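In what follows, a structure is listed as structure tokens, so that the remarks can point back to it.
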Amino acid sequence: MYRGHRVLENLRTLPANIRPVPRGWKQYVRMDGDLYWHNPELKLTTYDDIRDRELLEEVLEIEEEHMGWCDNDGFVFPCGTETFIGTVKEDADVVQHVSLSSGIIFSIGDELNIRYDAKQSFWNYFSQYCMHVRRLPPKVEVEFLSAMTFGSNEWILGYQDTTFPFNELQCERIMEIYQVLQRLHQKEAGYRYIPLMLWFISETMLVIESRRTTQEYSSAKMWTSKHINIPKPSWKLQALDCILGFLLFGTQFTFRKRLQLALANRSENISHLREVMDTFLVQWSDSNLLVRHVTYIFFGTDLLCFVQRQL
Numbered sequence: 001m002y003r004g005h006r007v008l009e010n011l012r013t014l015p016a017n018i019r020p021v022p023r024g025w026k027q028y029v030r031m032d033g034d035l036y037w038h039n040p041e042l043k044l045t046t047y048d049d050i051r052d053r054e055l056l057e058e059v060l061e062i063e064e065e066h067m068g069w070c071d072n073d074g075f076v077f078p079c080g081t082e083t084f085i086g087t088v089k090e091d092a093d094v095v096q097h098v099s100l101s102s103g104i105i106f107s108i109g110d111e112l113n114i115r116y117d118a119k120q121s122f123w124n125y126f127s128q129y130c131m132h133v134r135r136l137p138p139k140v141e142v143e144f145l146s147a148m149t150f151g152s153n154e155w156i157l158g159y160q161d162t163t164f165p166f167n168e169l170q171c172e173r174i175m176e177i178y179q180v181l182q183r184l185h186q187k188e189a190g191y192r193y194i195p196l197m198l199w200f201i202s203e204t205m206l207v208i209e210s211r212r213t214t215q216e217y218s219s220a221k222m223w224t225s226k227h228i229n230i231p232k233p234s235w236k237l238q239a240l241d242c243i244l245g246f247l248l249f250g251t252q253f254t255f256r257k258r259l260q261l262a263l264a265n266r267s268e269n270i271s272h273l274r275e276v277m278d279t280f281l282v283q284w285s286d287s288n289l290l291v292r293h294v295t296y297i298f299f300g301t302d303l304l305c306f307v308q309r310q311l
């Protein structure tokens, strides 16, 4: 009796403005805590709060008009294509089509002009709207595993200027997490772990594609930036290197060489420089407290001399 009384008291404290989800729609919570809604029958996804009748009618009106226009022109969508519509957060209505099995995201303009978005946009979409996915196409996992294998091979072969953003240790951690998710998915039948696997793969691939875009992968500009003759250090820097080499057992040489590569073309490799410094902090955090502070002091001096010379 007492337990039932407490349940009633808790129900009274619930907000009175909770609105039901319309029939045919399902509400999902993104990994960042935001809500979105998906209609399996219409294959329609939106971040607009369709619990508001006006927003629901607006979304359905846009969907009906757009899809009717495509049907009249005889447009055939790829298998498994879902439509995304957004009206609230943008200046203009957003209508995009996403095919997980084909690995594409695109929009349709006037006269059936198709504009394919970058691969980065595809992974960004599924890093946000993945909770309704019930099946993970093999193509997604193949692309993920291929990217990780290619990047790992570059590190193994010693291509330190690779556009691949993860080092050997990070690759091992990523694959460990992926294998754990795979085992959990195989152990428990159903789709419980599919959204989590898709989110993890999308987040990883988003970082990889972002680096490729920033570094202009396979472009002439990228090749030029990677083939710059680094000037020989001055005698002052060489003398400082010798002193630091004696005190730090030569560990600063690796840091300086990596900084030289990152600073060789500052205007194009600022993101690379930022990530190099982040990597240094991670590496130093693994050492003991005394060595870390000594390294900060001496490496800060080394960095200051090097930057002053470059400027």
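Heads up: the sequence shown begins at 1 in full-length UniProt numbering, then just goes up one per residue.
All C-beta atoms in this analysis are idealised placements derived from N, C-alpha and C, irrespective of residue type, glycine included.
Nothing here was measured: the structure is a model prediction, and the numbers come from that model.
For residue 68, the enclosing alpha helix (DSSP H) covers residues 53-72. Residue 146 sits in a helix when the DSSP states are folded into three classes.
DSSP places residue 153 in the helix class (H, G or I) of the three-state scheme. Exposure of residue 234 is indicated by the presence of fewer than 16 other C-beta atoms within 10 angstroms of its C-beta.
Contact annotation: residue 50 and residue 22 have beta-carbon atoms nearer than 8 Å. For residue 200, same chain residues with a beta-carbon under 8 Å away, outside a window of 5 residues either side, are 177, 178, 181 in chain order. Take the alpha-carbon of residue 37 and the one of residue 241: they are about 59 Å apart.
Close CB contacts of residue 194 within its chain, under the 8 Å cut and outside five residues either way in sequence, are with 133, 134, 135, 136, 185 (chain order).
Spanning the alpha carbons of residue 123 and residue 238 requires a straight line of approximately 46 Å. Close CB contacts of residue 119 within its chain, under the 6 Å cut and outside five residues either way in sequence, are with 209 (chain order). In the DSSP assignment, residue 127 falls within the unbroken alpha helix (DSSP H) covering 119-128.
Assigned with DSSP and collapsed to three states, residue 200 falls in helix. The DSSP-derived three-state label of residue 207 is helix. Shown here, residue 180 sits in a helix according to DSSP, grouped into three states.
From the listed residues 60, 48, 139, 32, the smallest Cα separation to residue 42 is found for 60.
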